[in-house]
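>
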Amino acid sequence: MSKIEEVKAHVEKGKSKIVPQLVQEALDAGEAPQEILQAMVDGMGVVGDKFSAGEIFVPEMLIAAKAMSKGVEVLKPHLAGDSGISLGTCVIGTVAGDLHDIGKNLVAMMLESTGFKIVDLGVDVSTEKFLNAIKENDNVTLVTLSGLLSTTMPAMKQSVADIKASGLTGFHVIVGGAPVTPEFAKEIGADGYSPDAGSAAVLAKKLVTA
Amino acid sequence: MLTKKQNLLETMNGGNPDRFVNQYEFLDIILEAPLRTRPQPGDIITNEWGITYSWPEGQLGPFPIHDDEHRVLKDITKWRDVVKCPSVEFSDERWAPAIEHANSVDRDDKYVTVFFASGTFEMTHNLMGMEDAMMALYEEPEYMHELIEFLTDYELRYAEQIIERIKPNALFHHDDWGGQIASFMSPDMFAEFFLEPYKKAYKFWKDNGIELIVHHSDSYAANLVPHMIDMGIDIWQGVMTTNNTPELIKKYGPDLTFMGELDSGVLDHPTWDKETIAEHVKKACETCGKHYFIPCLTQGLHFSSFPGVYDAATEAINEMSKKMF
Ligand code: B1M
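Chains A and B, in that order, are what the protein sequence lines are.
For the first sequence, our numbering begins at 1 and goes up steadily by one.
For the second sequence, our numbering begins at 1001 and goes up steadily by one.
1) Residues of chain B with CB under 7 Å from Thr151 of chain A, in chain order?
2) Taking Leu131 of chain A as the query, report the chain B residues whose CB atoms sit under 8 Å from its CB, ordered along the chain.
3) Name the residue from B:Thr1120, B:Asp1075, B:Thr1245, B:Trp1205 whose alpha carbon lies nearest to the alpha carbon of Thr1287 of chain B.
4) Beta carbons nearer than 8 Å to chain A: which residues of the region 1182–1201 of chain B have them?
5) Is Val1082 of chain B buried or exposed, if buried means 16 or more other CB atoms sit within 10 Å of its CB?
6) By the criterion of Cβ-Cβ separation under 7 Å, what are the contact partners of Pro179 of chain A in chain B?
7) Can you find a CB in chain B that lies within less than 8 Å of the CB of Pro20 of chain A?
8) Buried or exposed, going by whether 16 or more other CB atoms sit within 10 Å of the CB of Glu73 of chain A?
9) Any idea what DSSP makes of Tyr1024 of chain B, helix, strand or coil?
10) Determine the direct distance from the alpha carbon of Ser1183 of chain B to that of Asn1169 of chain B, and round the result to whole angstroms.
11) Buried or exposed for Gln1299 of chain B, going by 16 or more other Cβ atoms inside 10 Å?
12) By a C-beta neighbour count over all protein chains shown, 10 Å radius and 16 as the cutoff for buried, is Phe1325 of chain B buried or exposed?
13) State the Cα-Cα distance for the pair Gly1232 of chain B and Lys1203 of chain B, rounded to the nearest angstrom.
14) Just the Cα atoms here: how many angstroms apart are Ala39 of chain A and Lys8 of chain A?
15) Out of B:Val1105, B:Val1088, B:Glu1025, B:Leu1297, which has the shortest C-alpha to C-alpha gap to Ser1217 of chain B?
16) With a threshold of 7 Å, establish whether the CB of Gln1059 of chain B neighbours any heavy atom of the ligand B1M.
17) Near Pro1270 of chain B, what residues of its chain come up, given a Cβ to Cβ distance below 7 Å and the 5 sequence neighbours on each side ignored?
18) By DSSP, does Ala1333 of chain B sit in helix, in strand, or in coil?
19) So which residues of chain A does Glu973 of chain B contact, with C-beta pairs closer than 8 Å?
20) So, does the CB of Gly1179 of chain B fall closer than 8 Å to a CB anywhere in chain A?
21) Using 10 angstroms around the beta-carbon of Cys1085 of chain B, count the other beta-carbons present and answer buried if the total reaches 16, otherwise exposed.
22) Tell me whether Lys135 of chain A is buried or exposed, calling it buried when 16 or more other Cβ atoms sit within 10 Å of its Cβ.
23) Please confirm if the region 1186–1197 of chain B is in contact with the region 155–165 of chain A, defined as three or more CB-CB distances below 8 Å between the two stretches.
24) I'd like the span of the beta strand (DSSP E) that includes Gln1237 of chain B, first residue to last.
25) When we look at the beta-carbon of Arg1165 of chain B and count the other beta-carbons within 10 Å, is it buried (16 or more) or exposed?
26) Quick check on Phe51 of chain A: does DSSP put it in helix, strand or coil?
27) Alpha carbon to alpha carbon, how far is Thr1241 of chain B from Ser2 of chain A?
28) Is Ser150 of chain A near the ligand FAD, in the sense that its beta carbon is under 7 Å from a heavy atom of that ligand?
29) From B:Thr1037, B:Gly1129, B:Leu1248, pick the residue whose C-alpha is nearest to that of Glu1069 of chain B; which is it?
30) By DSSP, does Gly93 of chain A sit in helix, in strand, or in coil?
31) Since Thr181 of chain A and Ala96 of chain A are thought to touch, with beta carbons under 8 Å apart, how far apart are those beta carbons, to the nearest angstrom?
32) On the CB-based measure, 16 or more other CB atoms within 10 Å of its CB, does Asn132 of chain A come out buried or exposed?
33) What residue does the beta strand (DSSP E) around Thr1052 of chain B start on, and which one ends it?
34) Between the alpha carbons of Leu1060 of chain B and Leu1301 of chain B, how many angstroms are there, rounded?
35) Please list, in chain order, all residues of the same chain as Met1001 of chain B whose beta carbon is under 7 Å from its beta carbon, the five residues on each side excluded.
36) If you measure beta-carbon to beta-carbon, which residues of the region 1136–1157 of chain B are closer than 8 Å to chain A?
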C-alpha cells in the first residue's frame, strides 16, 4: 500500500493518532500535498457513503472527521492558499427555536471534508444571523439549514423564504433534519434536500460545481 | 372486561386481550418521587450532578449546556476527580407525596411505576456533550467502562431507596439510543459498553419486586432489539414507524412488546388535527395487530407537548378497539 493509500485507509478507520504521522511520512516521501489532501477527502467520502448505508454509526464518523482534521493540520503549511480544495464557504446552522446540533455537526464535518470552508452559526439561528453571515463572509456558495423539531419547521420555511427574498445571490440553500422531507424542502423553495450527512456532502458538491 | 393489567398481560403473552392496551393506561407513574432538580420553562438550573440545563420560554423542553464554561466532564481520564455522585437519600417529607400517590393506586388494575431518567448513555452525554461521549468510546474505552459502571451503581442505590419507599411493580426507564433512522452506535459497540451494565441494573430491579420493565427510546433501534431482550426489557416504548414494527413483532413478539408507532414529531405540533391522528392510529393498529403491540405516542410520558394530542390519540385507539375486537 502506498503512503497515500495508507493515509486514506487510516482516515476511514478514524486513527487520529496515526494519520498526522502518515501525512508527514507521505510529505517526506515527496507526495504532493494536494494529492494527500485528496486522499483524505476520498477517505471521508467513503465514510459518508458507509454512514448513509447504515454500515457505520455516529462514533465512527466523528473519529474519522477528527483523524482528517489532525492530518490537515500537518498538511496546511504545505498547501498553497488555505485549504487546497475550495468549494467556497458554507454557512450552516440549526434553525431558530431548535437546539439540536448532533446531526448539524456531522453535516458540517462532511461538508468541510469535501472542501467547503465552514462558518458554523451554531443552534437557534435567526434569519438575521444567517443573512449577516452570508454578507460578512467571502465567497458563500452554500447555506445549510438543519432542523430536528417539527415545531421549528415553520422557522425553517421562514428563513429559507427570507434568504431567497434578500436579494443576496451566489449560493444554494439546502435543508435537512429528521422531520424534513424532500417534498417539504421543495415546497419551501430550498435548492436541495438530503437525508443524512454523507449524502449532504455529495449533494452540496454537485450543486456548487454544476 | 379485563382489568388494565390483565389486558396488558394477555397482549404481551399472545393471549386473548379484549381491547388494545391504550397508551400508558397500565402504568401509574409516580412522578412525585424525589430524584433530581428538573428545570421549568424559563429556567436555567444546575442539577445535583453539576449539569446545567436551560429551558428557554416558549421552547418544547430543556437542553443541557455544553460550552466550555458549563460542560461537567471535559477530560474523561479525570472523571473520578470531576464527577460527583449525588445522594440518593431523601427525607421522609420529600418521599411523602410519592408514598401517598403509590398507596392510592389499585394495584390489581395498574402498575405502580418508577420513573427513571436520564439513562446511563444519556448521562454520559449530559456530562460530556454528545460528541466527546461518543468519541471517548473509541479513544478511552477503559475510562468509559468505569464511568458507565459508576452511573449504573448510582441507579442501583437509587433503586434500593425507591423500592423500599413505594414498593413499585414496574419501571419506566428512559435512555434514547438512536435518532430517527439509525441507532447512535453499532449493535456491537452498544453490547460492548451498555449490555452488561443494563443487564445488571434490570436484574436488580426485577430481583426486588419489579415485574415489568418498560424502556423508552423514541428512535430507530430495531438493530438493538436482541440486546433489549437479552437485558430483560419487557416493553420497548417509543418505537417509531421507521423501525418497521410489524416485522419486528413477527420476529420478536413473544419476547418483547412494542409500544409506539404514533410518531410524536409528526402528530404532536401546534397545528395538529384529530383526523390525521385517527388515520395514524388506524394504520398502526391494523398493521401491528392485537398481540405484542401497544399503540402509543412515541413521547416518553403520558402527555403531549400540545394540549389535546394525547387525548385525541386515546380516543382514536378506543375507536379502533371497538372495530377490531
Ligand atoms: C442539507 O442539510 C441537511 C442535511 C441533512 C441533515 C441536516 C441538514 N441536519 C440533519 N441532517 C441529517 O443528517 C444527520 C446525520 O446523518 C441526521 O441528523 P439527526 O439529528 O437526525 O441524527 C443525529 C445523527 C442523531 N439524532 C439526534 O441527535 C436526535 C436524537 C433524539 C433522541 C434527540 C436528542 C439526542 C436530544 N434531544 Co430532542 N431528540 C430527539 C431525537 C429523537 C429521534 N428519534 O430523532 C427529538 C428530535 N427531540 C425532541 C424534543 C421534543 C426535544 N429534544 C430536546 C433535547 C434533546 C437532548 C438535549 C436530550 C438531545 C440533543 C443533544 C444535542 N446536542 O443535539 C428538547 C429540545 C429543545 C429545543 N428547543 O431544541 C426537547 C423539547 C426535550 C424533550 N421534551 O424531549 C423530539 C422532537 C419532537 C417534535 N415535535 O419534533 C424528538 C423527535 C424526540 C421525541 N420524540 O420527543 C439527519 O437528520
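Think of the CB as a built atom: it goes at the ideal place given N, C-alpha and C, for glycine as much as any other residue.
All values reported here derive from a predicted model rather than from experimental measurement.
Per the coordinate set shown:
1) Leu1060, His1269, Pro1270
2) Correct list: empty, because the minimum Cβ distance to chain B is about 22 Å.
3) B:Thr1245
4) Ala1182, Ser1183, Phe1184, Met1185, Ser1186, Met1189
5) exposed
6) Gly1265
7) no
8) exposed
9) coil
10) 29 Å
11) buried
12) exposed
13) 7 Å
14) 5 Å
15) B:Leu1297
16) yes
17) Phe1306
18) This structure cannot settle anything about residue 1333 of chain B, because the visible part of chain B is limited to 1001 through 1325.
19) An answer regarding residue 973 of chain B cannot be provided, because it is not within the stretch 1001 to 1325 covered by chain B.
20) yes
21) exposed
22) exposed
23) no
24) 1235–1239
25) buried
26) helix
27) 46 Å
28) Judged by which ligands are present, the ligand FAD is missing from the structure shown, whose ligands are the ligand B1M.
29) B:Gly1129
30) strand
31) With a Cβ gap of about 20 Å, Thr181 of chain A and Ala96 of chain A do not count as contacting.
32) exposed
33) 1052–1054
34) 14 Å
35) Asp1018
36) Leu1137, Tyr1138, Glu1139
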